[in-house]
Amino acid sequence: MTDAPLHLSPEVSDAIATGKPVVALESTIITHGMPYPQNLDMARKVEGVIRDGGAVPATIAVMGGQIHIGLTDDTLEALARTPPDQAMKLSRADLAVCLTTGRTGATTVAATMICAHLAGIRVFATGGIGGVHRGAEDSFDISADLQELAQTPVTVVAAGAKAILDLPKTWEVLETLGVPVIAYGQDDLPAFWSRNSGIAAPLRMDSPDQIAAAAAMRARLGLKGGQLVANPIPPEAEIPRDQIMPVIEQALAEAEAQKIAAKSVTPFLLQRIFELTGGRSLDSNIALVLNNARLAADIAARMVRQA
Ligand code: PSU
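Note that numbering that gives the first Met the number 0 numbers the sequence shown so that position 36 is 35, with each residue one more than the last.
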């Protein structure tokens, strides 16, 4: 039991109490990751995909001093319409302050993992995790998502780390932190908009059953932390690496010229890449989130069956 200020929707509360599969979803992707109204459309569709997979979706956000786990459609819409500068982008560091000041906060991967774990949810689907930013040797900009994966026992399904990052350094840090990085169904690590990164995955698994069993084994071994499942974007939705890389380079150069820093870097880059690809990057992003939600629902169902 927890003393945390959790507000579970009736559906999520019932699912947890009766042992049904539940998949957590984050809200930063809604407020800071995609423009309105595509963000709302994505948020609704992703919940639908999880329901179709036989699990209950639990979108997480902070409002009015409480952690909401499972949002009504009205709340989802209000969040999707909230301008990015009016919602805090919450990670481990600012979750408590947001709650005590009563502000609205959107949860990143790190904060969503914390909240999911408090509620007893073991699986979480998102687009791409944060990681080591390019030039981190000077800026020290490394997402708190990586540390969270090392300490909070939630299985995160993502299409790898966002390709705007320094991917080799991101995987190195995860290895150092002892986080299992499991490529789903292929030998190569995926790279968000592209199926392949050219980097061999440290681990590979081919079935949701195996992934669920690995999470249970970590618990039996008393190992802290979660697992990252790196699920490649469906082939029909991918932007191949040779097409997306020049676009990423241009967006990065512009971010540097405009001195964009800290929490603004990722939203700035995603928005510029959206503009430079004429919206194609957003279509891919939505497709990969839905694909991750499908797999996460499957893993959550296996975890319930194996329990
Ligand atoms: N997945 C997406 N789009 C996003 C994110 C994930 O498809 O915008 C968000 C997640 O909340 C993740 C955050 O935690 O981006 C990483 O931000 P940063 O690089 O600033 O740590």
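Just so it is clear, CB atoms sit at the ideal spot from N, CA and C, and this is done for glycine as well.
Practice item. May I ask which residues mark the beginning and end of the alpha helix (DSSP H) holding F123? Key: F123 -> not in any alpha helix (DSSP H); beta strand (DSSP E) instead, spanning V122 to A124.
Point to revise | First and last residue of the uninterrupted alpha helix (DSSP H) at A42 | key: Start and end: Q37 to D51.
Exercise for review: Return the residue from the list P179, D205 and L117 that minimises the CA-CA distance to D2.
Suggested key: L117
Check your understanding: For the ligand PSU, is there a heavy atom less than 8 Å away from the beta-carbon of F157?
Key -> Note on identity: in this sequence residue 157 is Ala, with Phe being the wrong assignment. Indeed, a heavy atom of the ligand PSU lies less than 8 Å from the Cβ.
Review point. Looking at S90 and the ligand PSU, is the gap between the Cβ and the nearest heavy atom below 8 Å?
Key: Yes, the ligand PSU has a heavy atom inside 8 Å of this Cβ.
Review point. Say the cut is 8 Å; is the CB of M33 nearer than that to a heavy atom of the ligand PSU?
Key: Flag set: Cβ of M33 near the ligand PSU.
**Study point:** CB-CB length for D144 against G130, believed under 8 Å
**Key:** 7 Å
**Study point:** Segment contact, 8 Å Cβ cut-off, at least three pairs: the stretch 196-205 with the stretch 136-153
**Key:** no
Review point. When the Cα atoms are used, what is the spatial distance from A109 to Q65?
Key: 17 Å
Review point. Taking 9 Å as the CB-CB limit, is L281 close to chain D?
Key: No chain D is part of this structure, which consists of one protein chain only.
Review point. Roughly how many angstroms separate the alpha carbons of R219 and V264, rounded to a whole number?
Key: Spanning the two alpha carbons is a distance of roughly 39 Å.
Check your understanding: Taking buried to mean at least 16 other C-beta atoms within 10 Å of its own C-beta, is D137 buried or exposed?
Key -> So D137 counts as exposed.
Check your understanding: In or out: Q325 buried (at least 16 other Cβ within 10 Å) or exposed?
Key -> The structure shown does not extend to residue 325, since the chain is modelled only from 0 through 306, so no value can be given for it.
Review point. Is the Cβ-Cβ distance between V22 and I128 less than 9 Å?
Key: no
Point to revise | Where M33 falls, given that 16 or more other Cβ within 10 Å makes a residue buried | key: buried
Review point. So, helix, strand or coil for L188, using DSSP?
Key: coil
Check your understanding: By Cβ distance below 6 Å, which residues in the same chain neighbour M62 in space, the five residues on each side in sequence not counted?
Key -> T103
Exercise for review: From the DSSP output, in three-state form, read off Q226 for me.
Suggested key: Q226 falls in the strand class under three-state DSSP.
Practice item. Can you say whether M216 is buried or exposed, counting buried as having 16 or more other CB atoms within 10 angstroms of its CB? Key: exposed
Practice item. Keeping to the same chain, check which residues put their C-beta closer than 8 Å to that of P83; ignore five residues upstream and five downstream. Key: T30, H31 and P266
Check your understanding: Mind checking whether S283 and A250 have CB atoms under 9 Å apart?
Key -> no
**Study point:** Of the listed residues A212, A60, P179 and R301, nearest to L24 (C-alpha basis)
**Key:** Of the listed residues, the one whose Cα sits closest to L24 is A60.
Check your understanding: In three-state terms, what does DSSP make of L70?
Key -> coil
Check your understanding: Roughly how many angstroms lie between the CA atoms of A296 and M302, to the nearest whole one?
Key -> 10 Å
Practice item. Quick one: measure Cβ to Cβ for A200 and A212, integer angstroms, because I've assumed they're closer than 8 Å. Key: At roughly 18 Å, the Cβ-Cβ gap does not stay under 8 Å, so A200 and A212 are not in contact.
Review point. Taking 8 Å as the cut-off, is the CB of K44 close to at least one heavy atom of the ligand PSU?
Key: The answer is no for K44.
Point to revise | Check: I128 C-beta below 8 Å from any heavy atom of the ligand SAH | key: In terms of ligand content, the structure shown lacks the ligand SAH and carries the ligand PSU instead.
Review point. Is G18 buried or exposed, if buried means 16 or more other CB atoms sit within 10 Å of its CB?
Key: exposed
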